[in-house]
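Data block below; observations after.
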Amino acid sequence: MNDSELTIIPGKASQLLAARVAAELGCEVALCEFRRFPDGELYTRILDDVEGEHAVIVQSLMADSDLIALLQLIDAAAEEVSRISAVIPYLGYARQDKKFKHGEAVSIRAIAKSICANTALDSIFVVNVHNPAELRYFTVETRELDASSIIGDYIRRRDIDPVVIIAPDGGAEDLARAVAVPHGFDYDVLHKKRLTGDVVEMKTEELDVSGKNIFIVDDIISTGGTIAEASRILKEQGAHDIYAFCVHGLFVQNAIIRMYHAGIKEVVSTDTVESAFSRVSVANLIANSLSALE
Ligand code: R5P
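See the structure below:
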């Protein structure tokens, strides 16, 4: 595909990442306006002319309003262009991917349906979705991009030795393996039981972490409870320095303080959710996938 035919439309939640993707591709970024009406409703407008081009909307779904803005951007772009892709670096609501209790919504299914309802949408890209099986709810072609090599390369560059990659629970085991194996790092997994919304109990497997430097890797850090508990257990087992690395850094409530109190030396995330801890970018990963489009 000719990248010059492509215009990046940055959602409010992913301004910096959208600009980085555009820089990687050498294509234009459209200027957009986002504001609220007095009653609180969102107003979204693409200010630049994107007529006839392939529009790529980049918008993570962190807050509820991010979904509204994404739907508005798709709607606005559909008036102007022949082709629309949506890059959703962080796909929010993905952890409610089944009915845990009677009467609950399968939130990610509802979100997927609303995004895919606009038939002008051609393709969707997400980065390390919480559970890849939930992509079946998307009726538009949806590709999952994997940031594990970006994480592994970062850890390699830090040149910390000896290093062990730890998954804080079984759900993160695939990510830990994908980070560790290409670089020959050791990896292992902890097992977690969530007692309430933000209280987590963890049991270890046979881990020899004594004197080792640990990178705990997880897809999401939200309240930091999972990482904090993992850190305490690993410290008790004699781990040396402990770092936390996630793909999607939500860092809600007092997550950062909570993790540092539990002995975490450093927190690192990608820029799927932009924060001061976004030390590596998924822009190149996204740009390469867009370049590969027919
Ligand atoms: C859960 O299944 C995810 O993979 C993360 O482990 C979880 O979202 C982290 O949440 P928190 O930071 O609140 O413990």
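Residue numbering for the sequence shown follows this note's numbering, starting at 1284 and increasing by one per position.
All C-beta atoms in this analysis are idealised placements derived from N, C-alpha and C, irrespective of residue type, glycine included.
Keep in mind that this is a model prediction, so the values were computed, not measured.
Rounded to a whole number of angstroms, what is the C-alpha to C-alpha distance between residue i and residue j?
i       : j       : result
Lys1518 : Val1550 : 16 Å
Gln1355 : Asp1491 : 51 Å
Glu1288 : Leu1353 : 21 Å
Thr1327 : Val1339 : 16 Å
Asp1436 : Ile1499 : 15 Å
Leu1458 : Asp1501 : 7 Å
Arg1319 : Leu1325 : 4 Å
Arg1426 : Pro1372 : 11 Å
Cys1310 : Thr1290 : 6 Å
Ser1368 : Ala1522 : 44 Å
Lys1548 : Phe1383 : 35 Å
Ser1390 : Asp1347 : 12 Å
Val1565 : Ile1407 : 16 Å
Ala1575 : Leu1308 : 11 Å
Arg1392 : Gly1335 : 31 Å
So which of the options has the shortest CA-CA distance to residue i?
i       : options                            : result
Gly1508 : Ile1516, Asp1481, Ser1397          : Asp1481
Ala1302 : Ala1461, Ile1569, Gly1494          : Ile1569
His1544 : Ser1561, Ala1513, Phe1560          : Ala1513
Asp1469 : Gly1454, Val1530, Ala1450, Ile1539 : Ala1450
Ala1395 : Asp1332, Gly1386, Ile1357, Arg1419 : Arg1419
Between which two residues does the beta strand (DSSP E) containing residue i stretch?
i       : result
Ser1552 : 1547 to 1553
Ala1427 : The sequence given here has Glu at residue 1427, not Ala. First-last of the beta strand (DSSP E) with Glu1427: 1424 to 1428.
Ala1369 : 1366 to 1371
Val1565 : No beta strand (DSSP E) holds Val1565; DSSP gives it neither H nor E.
Kindly give me the distance between the Cβ atoms of residue i and residue j, rounded to whole angstroms, as I take these residues to be in contact under 8 Å.
i       : j       : result
Ala1463 : Ile1443 : Not a contact, Cβ separation roughly 13 Å.
Ala1430 : Val1410 : 6 Å
Val1530 : Thr1553 : 5 Å
Leu1478 : Asp1452 : The Cβ separation is near 14 Å, so there is no contact.
Asn1414 : Ala1359 : So it is not a contact: roughly 31 Å between Cβ atoms.
Terminal residues of the continuous alpha helix (DSSP H) containing residue i?
i       : result
Asn1411 : Taken as a continuous stretch (DSSP letters only), Asn1411 belongs to no alpha helix (DSSP H), as it is neither H nor E.
Ile1443 : Counting along the chain, Ile1443 falls outside any alpha helix (DSSP H), and DSSP gives it neither H nor E.
Inset, instruction - Please go through the stretch 1464 to 1537 and give each complete beta strand (DSSP E) segment of 3 or more residues, from N-terminal end onward. - result: 1469 to 1472, 1474 to 1479, 1482 to 1486, 1496 to 1504, 1525 to 1532
Inset, instruction - Let me know the beta strand (DSSP E) ranges lying completely inside the stretch 1313 to 1363, each 3 residues or longer, listed in chain order. - result: 1315 to 1319, 1325 to 1329, 1337 to 1341
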